[in-house]
Amino acid sequence: METTTLKNLISESNSYEISGITIPRIQRAYAQGRSDTHAVKTRERFLSAIHAGLINNGLTLDFIYGNIQNGQLIPLDGQQRLTTLWLLHWYADKKEGINDKRLARFSYNTRYSARDFLIKLVNYKPTLKTRLSDEIRNEGWFPMEWNNDPTVKGMLTMLDEIQKRFADIDDLWNKLDKINFYFRNIEEMKLTDDIYIKMNSRGKPLTDFEHFKAELLKVIRSEKDDEATSKRIGLKIDREWTDLLWTYRDKYNLVDNGFLNFFRMISLILIYKSDRSSSEFDLKDDFSLLDRLYKNQPDNVAFLELAFDCMVNIQNKMLSNSSTTNPIGDFFRTYLSENHYEHGKVVVSQQITDLDIFKEVLNGTALGRNTPYWLIMFYSFLIYLMNYDTIKEIDFRRRLRVIVNLLKNSRNEVVDTPNGDAGNRMPANLRQVDSIILSGEIADCITIDNDKRQNFNVIQMEEERQKLQFTKEHPEHSDSLFQLEDYYLLQGRTDVIGYENTHLYQRFIHVFDTCSRDIIDCAMLATYDYSQRINYWCIQLGSGSQDEIGNKAWYALFHPTGKNPDFNKTKKSLRSLLEVDIEIDNKYLQGIIDAYLTECRTKNQYDWRYYYIAYPCFRPERYGKYTMYNDQPYALVALHSEKRESSNAYQCMLQALIEEQAVANSVEWFDIRALSYKKGRLTCENNAFVSYLLKDDKERSRFIIPQNKEGIDIVDRIQYFKDNRKDNNYWICQED
């Protein structure tokens, strides 16, 4: 197809029988002269490309579409490029004294001020000795109100930029013939202008998408003059792909941003597939992405085209099978569930906030927060759709569940942090997704450029391998296992129950759905010391809270970081609790608790678990975290926050003294480990309550707690203190 130039279009005799160009009312204001960040970048990029084309081998700006009415070309796509070209020709004409009458054949019909401005401009002869905008505004024919017309303002800004950039080019008027484009009459293409109206709603601000599209098609053509691919993709953008995105158009009835966000997501995928990091790119610089990822890289262009086509195919397939108004959203919802188990689906990770993943890609949410999670989810579907003929749907559903389970349990591994401890694991993660979706196998090792790479969480990958084998051998248990996986406290990790313990699946769900969390917590601790040590100073327990705070406590217990040996204690306690043939309810669990407390009192053995269970203040229904050093189990501090001690934390034994009225009702806290007591400080140590003087912090009194040789209390120290605190044999400080 032949190209043309602006001069040709506005010539008296041209092959298109065009007598002039008129920008219609339906078009928006001239945008390339705006002052916002995007417009500035677009202007600089476009003018730089033209400048380079003039001094080198020319530049093709791609397609401009329109129809011809009464001899006038009415541009429907390409207004911005045509206007900038006209301003550049005007500058060259005035700079070199050409006085070409053809310039009068270009006009604006958006506002009278824009129309009249161009008429005046054609006949104006600037001195070019000062800035063009200042010189023009100082003319008597330029009324002040024209400064309020965004098109006039934009043209003045552009003229200043043109003057600055092109003043050094000699013979500019003739060299402008090196800047060309393709022109298509939409009537000859048998198209209506509806598709262009969608992309150019009247008077609405939008991104300068047409320049990007032109550059994209230019990049495609640059590969061995691939005119066929460029033409094919150009038509898809204007037809199928715009129809695809139209459902997700923005409030201005535009699809530009949706297209670009999809392009950026695909580009990010290609970045990772090439073993690079997002930190090496500016994902908002679409032209740079084109240059670095698609120029002379036909495989990447093919991947982008196929990704779009996959979405089109899904839309068409869903529309043919139902009367849905959101076909692609419904497609994703046939595989995904938001927060509860549904047969054949998998509950998404908490980072995925909408099941219509395609929509979240288009509106930019997927590129805002938790991008690696969105990307892996979207990539999993893309790989399936790109290999639709070779992957059975039932197999994809099972493999997708593996991916989701890995996402839920790889918080420290689904990362792109080249300078962090985990590094950039996304290239290896995508290789692992390929293996899982295409073959159903979790690769033992991911190798990139002969380098073995870590990817998803190794513990979860091993569990997924075992569950894949288990469901293959025992398909009758698959649904029950999937329901267990999707339970919100487990989120894919079932090790605390054991995938092999099929009889415990529903029992676990029933207990945590129907029983008091506080009673479960106490019954588990009465059964076995299930606490998990997080570090040298902190332990994790459950929580009586039924809300999100409590859920975090149980989730932490069921998903320990790394290979925590104390996790086996939690498994032992929970499984022992569930291994009964009767229905488990609050009454049954309370019986376990009461029996344990009775046993402690009968044997006169009161370890820290006794106090935790017997005194509710030990269980503040928070995150289940406590300060407990190995040699000080009785000096337990209940944390209020999730990760550290705060002013709301308190020493549990001292709080029990207050609540059991073992100290005066008016007693106050000195700090989280001491009470203000008898003009001093009262603290709790492993074998005593100790008082210190305020003035010099010296120990003044020690209330010894009787213990056996293993260091376990043989009395309930709370009641013992209450009964004996006034006895001088134990407490030497007199009452005030």
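So for the sequence shown, numbering that gives the first Met the number 0 puts the first residue at 0; every next one is plus one.
For each residue, glycine too, the CB sits at the ideal point set by N, CA and C.
This one's a predicted model, so the numbers in the text were calculated from it and none came from an experiment.
Under the criterion of beta carbons closer than 8 Å, Tyr610 and Leu540 do not qualify as touching, at roughly 13 Å.
For Phe331, the uninterrupted alpha helix (DSSP H) segment begins and ends at 326 to 332. Nearest to Thr3 by alpha-carbon distance, out of Asn179, Asn13, Gly19, Asn98, is Asn179. In terms of CA proximity to Phe688, Asp715 leads the group Lys694, Asp715, Met385, Glu709.
Looking from the CA of Glu359, the closest CA among Asp249, Leu429, Gly419, Phe286 belongs to Asp249.
In this structure, Ser515 keeps its C-beta atom at 8 Å or more from the C-beta atom of Arg621.
Distances from the CA of Ser438 to each of Leu87, Ile390, Phe481 were compared; the closest alpha carbon is that of Ile390.
Taking C-alpha positions only, Tyr383 is separated from Glu209 by approximately 32 Å.
DSSP, reduced to helix, strand and coil, places Arg110 outside both helices and strands of the structure shown, so it counts as coil. Excluding five sequence positions before and after Glu658, the CB atoms of its chain that fall closer than 6 Å to its own CB belong to Cys616, given in chain order. Listed in chain order, the non-local C-beta contacts of Gln545 below 7 Å within the same chain comprise Arg516, local neighbours out to five positions each way being set aside. Residue pairing from DSSP leaves Pro417 without any beta-bridge partner.
For Ile118 and Asn108, the gap between their C-alpha atoms comes out near 12 Å. Leu171 and Phe165 have their C-alpha atoms roughly 8 Å apart. If only uninterrupted beta strand (DSSP E) runs of at least 3 residues are considered, those enclosed by the stretch 479 to 550 are 537 to 539. The C-beta separation of Leu588 from Ile518 comes to about 5 Å, placing the pair in contact by the 8 Å criterion. Contact between Ser336 and Tyr372 does not hold, since their C-beta atoms are separated by about 16 Å, which reaches or exceeds 8 Å. Cβ neighbours of Ile717 within its own chain (closer than 8 Å, five residues either side excluded): Tyr610, Tyr614, Met652, Ala655, Leu656, Glu659, Ala661.
DSSP, read as helix, strand or coil, puts Arg464 in helix. With respect to the 8 Å criterion, Asn408 and Gln482 are not classified as neighbours on the basis of their beta carbons.
A distance below 6 Å between beta-carbons, with the five flanking residues on each side excluded, links Val401 to the following residues of its chain, in chain order: Ile435, Glu463. Membership of Asp255 in any beta strand (DSSP E) is not indicated; the residue belongs instead to the alpha helix (DSSP H) covering 255 to 272. Distance between Asn563 and Glu43, taken at the CA atoms: about 56 Å. If you draw a straight line from the Cα of Val510 to the Cα of Val346, it is about 21 Å long. Under the three-state reduction of DSSP, Gly57 is assigned to coil, being neither helix nor strand. For Ser47, the number of other beta carbons within 10 angstroms of its own is below 16, and it is reported as exposed. Taking a C-beta distance under 8 Å as the contact criterion, Leu60 and Ala213 qualify as a contact pair.
The continuous alpha helix (DSSP H) containing Gly153 extends over residues 149 to 165. Ranked by Cα distance from Arg24, the options Ile73, Met376, Glu644 are led by Ile73. Pairing Gly139 with Asn7, the inter-Cα distance amounts to about 33 Å. Of the candidates Leu556, Arg506, Leu524, the residue whose Cα lies closest to the Cα of Ile581 is Arg506.
When the five nearest sequence neighbours on each side are left out, the beta carbons in the same chain lying within less than 6 Å of the beta carbon of Ser645 are those of His639, in order along the chain.
Contact between the stretch 463 to 476 and the stretch 490 to 509 is present: 3 or more CB-CB pairs across the two stretches fall below 8 Å. The three-state reading of DSSP puts Ala673 in strand, counting E and B together. With a minimum length of 4 residues, the unbroken runs of alpha helix (DSSP H) contained wholly in the stretch 626 to 708 fall at 651 to 658.
For Thr21, the pairing in a beta bridge is given by DSSP as Ser106.
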